[in-house]
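To start, the structure under review is shown below, and the notes come after it.
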Amino acid sequence: MSWADLRKEYALQGLAEADLAADPFAQFQSWLDQAIAAELPEPNAMLLATATPDDAQAILSHKVRPLTEADVAIEAGKRNFARFGCAGCHGTELEGGLANPNAQGGQVPSLLHLSDDYTKDEILAVIRNGRASPLENASGPTPPLYMPAWKSLLSDEDIHQVVEFLWSRQQKAKAGW
Ligand code: HEC
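The numbering of the sequence shown is our numbering, which starts it at 1455 and goes up by one.
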């Protein structure tokens, strides 16, 4: 069956571009109002997605946007992150949190807010050269976990891909909300 066979023209109202509101929120409100007025079960079980003209063109012509070089690097970096065991210390969701007694903060750090404090080059250097955790209490014991140096195991290309993956997952802490 093709997509075209699945298509239905709805009797109540068609979907012509001229009928659509320019503002997607206004459009959503109007469709939601119609669904409620028609007493449909669960009218809030509805999704509205928006697309750029290019996206729409790609969808209509059944062509998926080709992967860019950046997408490929991010995917490879994600695989490297799992394959080289980064997730073992930093978590599969980059959330950190593994206990690291007497390291500053007491935990392996999350990798979700790197872009607030570092450039990509600085992070490349941390991964390449590793880093010992600064101590919480200077006269206390050495924390059991430290950031290993990866330069003898990973090529610069591998590390670059990992950094692209990490950057694709950054959560902006200072975004105001
Ligand atoms: C044995 C546990 C362990 C493994 C495995 C590990 N890390 Fe780390 N990593 C740490 C610890 C501990 C720190 C904190 C070092 C510090 O405080 O300076 C750290 C720090 C970092 C930082 C800097 C975070 C910051 O906020 O300063 C990055 C980036 C990072 N790791 C990425 C990676 C990547 C990528 C891999 C895999 C290639 C990896 N780590 C593997 C333990 C680990």
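Ideal Cβ positions, reconstructed from N, Cα and C, are used throughout, including at glycine.
None of the values given here were measured: they were computed from a predicted structure.
Out of curiosity, what's the CA-to-CA distance linking Ala1513 and Thr1504?
Residue 1513 is actually Ile in this sequence, not Ala. Each residue's alpha carbon lies about 12 angstroms from the other.
Kindly examine the ligand HEC and report whether one of its heavy atoms sits closer than 6 angstroms to the Cβ of Leu1425.
With the chain covering only 1455 through 1631, there is no way to say anything about residue 1425.
Classify Gln1481 as helix, strand or coil using the three-state DSSP reduction.
If DSSP states are grouped into helix, strand and coil, Gln1481 belongs with the helices.
Distance check for Asp1487 and Met1500, CA to CA, integer angstroms please.
Approximately 12 angstroms, taken between the alpha carbons.
Leaving aside the five residues before and after Ser1564 along the sequence, list all residues of the same chain whose C-beta is less than 8 angstroms from its C-beta, in chain order.
For Ser1564, where only same-chain residues beyond five positions count, the Cβ hits under 8 angstroms are His1544, Gly1545, Leu1548, Glu1549, Gly1550 and Gly1551.
Which two residues bound the contiguous alpha helix (DSSP H) that contains Trp1621?
Looking at the DSSP string, the run of the alpha helix (DSSP H) that includes Trp1621 is Asp1610 to Ser1622.
Going by DSSP, name the residue or residues bridged to Ala1553.
Answer is Gln1561, bridged to Ala1553.
Quick check on the burial criterion: 16 or more other C-beta atoms within 10 angstroms. Buried or exposed for Ala1587?
For the record, residue 1587 in the displayed sequence is Ser; it is not Ala. The residue in question, Ser1587, is buried, as its Cβ has 16 or more Cβ neighbours within 10 Å.
Given 6 angstroms as the limit, tell me if Pro1563 has its C-beta closer than that to any heavy atom belonging to the ligand HEC.
Flag set: Cβ of Pro1563 near the ligand HEC.
Between which two residues does the alpha helix (DSSP H) holding Ser1587 run?
Segment: none, Ser1587 is in no alpha helix (DSSP H) and carries neither H nor E.
Here's a check: name, in chain order, each residue in its chain whose Cβ is nearer than 6 angstroms to the Cβ of Gly1531, leaving out the five neighbours to either side.
Taken in chain order, the residues that qualify are Gln1615, Val1616, Glu1618 and Phe1619.
Across the segment 1589-1602 and the segment 1552-1562, are there enough close Cβ pairs to call them in contact, namely three or more that are closer than 8 angstroms?
Segments in contact, yes.
Taking the alpha carbon of Asn1591 as the point to measure from, which residue in Gly1559, Thr1522, Gln1483 and Gln1481 has its own alpha carbon closest?
The shortest Cα separation from Asn1591 among Gly1559, Thr1522, Gln1483 and Gln1481 belongs to Gly1559.
As a quick exercise: from Gln1624, Asp1612 and Ser1622, pick the residue whose alpha carbon is nearest that of Arg1537.
Among Gln1624, Asp1612 and Ser1622, the Cα nearest to that of Arg1537 is on Asp1612.
Which residue wins for smallest C-alpha separation from Lys1517, given the options Asp1525, Asp1508 and Ala1541?
Lys1517 has its Cα closest to that of Asp1508, out of Asp1525, Asp1508 and Ala1541.
Between which two residues does the alpha helix (DSSP H) carrying Gln1511 extend?
Note, Gln1511: alpha helix (DSSP H), Pro1507 to Leu1514.
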